[in-house]
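Contents: one structure, followed by commentary.
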Amino acid sequence: MTRISWQLVGGAIMGLWLLMPMSFATAGAKSDHKPASSAAELSTIRGVVKATAQATLASQVQGRISQLPFKEGQRFKKGALLVALDCSKYEAELASAEAEHRGKKLTYENNLRLAEHDSVGTLELEVSQAEAEKALAAINVAQVNVKGCTVLAPFPGRVVKMIVNEHENVFPNDQLISLLDDSLLEIELILPSRSLAWLKVGMRFEYAIDETGRRYPAVVQDIGANVDPASQTVKVKGLFRTQPNNVLAGMSGAASFTELSR
Numbered sequence: 003m004t005r006i007s008w009q010l011v012g013g014a015i016m017g018l019w020l021l022m023p024m025s026f027a028t029a030g031a032k033s034d035h036k037p038a039s040s041a042a043e044l045s046t047i048r049g050v051v052k053a054t055a056q057a058t059l060a061s062q063v064q065g066r067i068s069q070l071p072f073k074e075g076q077r078f079k080k081g082a083l084l085v086a087l088d089c090s091k092y093e094a095e096l097a098s099a100e101a102e103h104r105g106k107k108l109t110y111e112n113n114l115r116l117a118e119h120d121s122v123g124t125l126e127l128e129v130s131q132a133e134a135e136k137a138l139a140a141i142n143v144a145q146v147n148v149k150g151c152t153v154l155a156p157f158p159g160r161v162v163k164m165i166v167n168e169h170e171n172v173f174p175n176d177q178l179i180s181l182l183d184d185s186l187l188e189i190e191l192i193l194p195s196r197s198l199a200w201l202k203v204g205m206r207f208e209y210a211i212d213e214t215g216r217r218y219p220a221v222v223q224d225i226g227a228n229v230d231p232a233s234q235t236v237k238v239k240g241l242f243r244t245q246p247n248n249v250l251a252g253m254s255g256a257a258s259f260t261e262l263s264r
């Protein structure tokens, strides 16, 4: 090979050598540029409507169900009587405890007067005082039992399920009634964690409910505090911008973040 040919080959190799860093830099720039997940990518995200408050109430005492004023689906106000038990036994125990306390209190007060004249020993005085205090504690226990005969609504709402029937006998911790507060419904969504790149509190979206076939305007209220490491998802809560009348807790649907997909 001639000297000129070798020079041409060497020049070509040198040119390629100079171009390689630029190619790598361009490729690196392209690979580093990974667009964050957008709402266009996640046009529909499944969710479920939930009540802001729900509870299953249990019995605090043993007794027979005497009243169930509400039926499933009916509305009630906060403080309304939901379940009543026959309380005659506990009311009698309360009356007995109050009578016992009156007697113990009189004995203690009498010993106090005698002690002023050194007519009673210190031990007898202290024992009578302790017995009076014990009788008072028994009154408190009896009052708790009487209070447990009635189950009152902790919030306004609706009856989801009646777990017991009238005339049934229940025991402490037996479930009685399930209820929820549907005055303010919320939407629970599960989004991929990569959506945190664009998702913000206050962002608006539309929620299409399967059961009604309608779309409802909503807004992001809260974003979960952590990402599920197994599924790489985050929990998001939304609120209807106007509380709908025909939507029930448990209805499912799909959220569309149309603002970012435009």
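Here the sequence shown is numbered in this note's numbering, starting from 3 and rising by one per residue.
Even for Gly, the Cβ is constructed at its ideal location relative to N, Cα and C.
None of the values given here were measured: they were computed from a predicted structure.
Straight-line gap, residue i to residue j (C-alpha atoms, nearest Å)
i      : j      : result
Val129 : His119 : 18 Å
Thr124 : Ala117 : 8 Å
Asn167 : Leu181 : 16 Å
Leu186 : Thr54  : 6 Å
Glu208 : Gly81  : 36 Å
Ile67  : Leu201 : 50 Å
Arg264 : Ala257 : Only weak support is given to the placement of Arg264: the predicted model assigns it a pLDDT of 47, under 50, and the value that follows is read from those uncertain coordinates. Going by the C-alpha atoms only, they are around 15 Å apart.
Val221 : Gln245 : 12 Å
Ala27  : Pro219 : Bear in mind that the predicted position of Ala27 carries a pLDDT of just 44, short of 50, making it too unreliable to give a figure here.
Ala140 : Val162 : 37 Å
Asn248 : Gly226 : 28 Å
Glu102 : Leu127 : 18 Å
Leu114 : Lys136 : 17 Å
Leu198 : Arg48  : 17 Å
Arg196 : Ala232 : 14 Å
Gln69  : Leu250 : 27 Å
Gln131 : Glu93  : 26 Å
Gln234 : Asn142 : 52 Å
Ala60  : Arg104 : 34 Å
Lys121 : Ala155 : In the sequence under discussion, the amino acid at residue 121 is Ser, which differs from the Lys named in the question. Their Cα atoms are separated by approximately 55 Å.
Ile179 : Phe157 : 13 Å
Sequence-distant residues of its chain with Cβ nearer than 8 Å to residue i (five each side left out)
i      : result
Gln223 : Glu188, Val203, Lys239, Gly240, Leu241
Glu133 : Lys106, Thr109, Tyr110
Gln76  : Arg160, Val161
Ala29  : Its pLDDT being 44, under 50, Ala29 is placed unreliably by the model, and the measurement read from it follows with that caveat. So the list is empty, once near-sequence residues are dropped.
Gln64  : Asn171, Val172, Phe173, Pro174
Distance CB(residue i)-CB(residue j) smaller than 7 Å
i      : j      : result
Val172 : Cys89  : no
Thr58  : Gln177 : yes
Leu191 : Val236 : no
Leu84  : Cys151 : no
Gly215 : Asp183 : no
Glu74  : Met164 : yes
Three-state secondary structure (DSSP) of residue i
i      : result
Glu168 : coil
Val203 : coil
Val122 : coil
Ala256 : strand
Val146 : helix
Lys106 : helix
Thr244 : coil
Leu287 : Nothing can be reported for residue 287, as the shown portion of the chain is limited to 3 through 264.
Lys79  : coil
Gln56  : strand
Lys163 : strand
Val63  : coil
Leu182 : strand
Leu84  : strand
Leu250 : coil
Leu70  : coil
Cβ shell of residue i (< 6 Å), same chain only, five flanking positions each side left out
i      : result
Ala144 : Glu95, Leu96, Ala99
Arg217 : Glu208, Ala210
Met253 : Val51, Ile211, Glu213
Val146 : none
Val229 : Ser195, Val236
Gln56  : Leu182
Neighbourhood of residue i by C-beta distance below 7 Å, restricted to the same chain and skipping five residues each side
i      : result
His169 : Arg66, Ile67
Gln62  : Gly150, Pro174
Phe72  : Phe78, Leu84, Val161
Arg243 : Pro219, Ala220, Val221
Practice task
Would you mind listing the beta strand (DSSP E) stretches within the stretch 193-242 that are 3+ residues and don't spill past its ends, in chain order?
Solution key: 206-211, 216-225, 235-242
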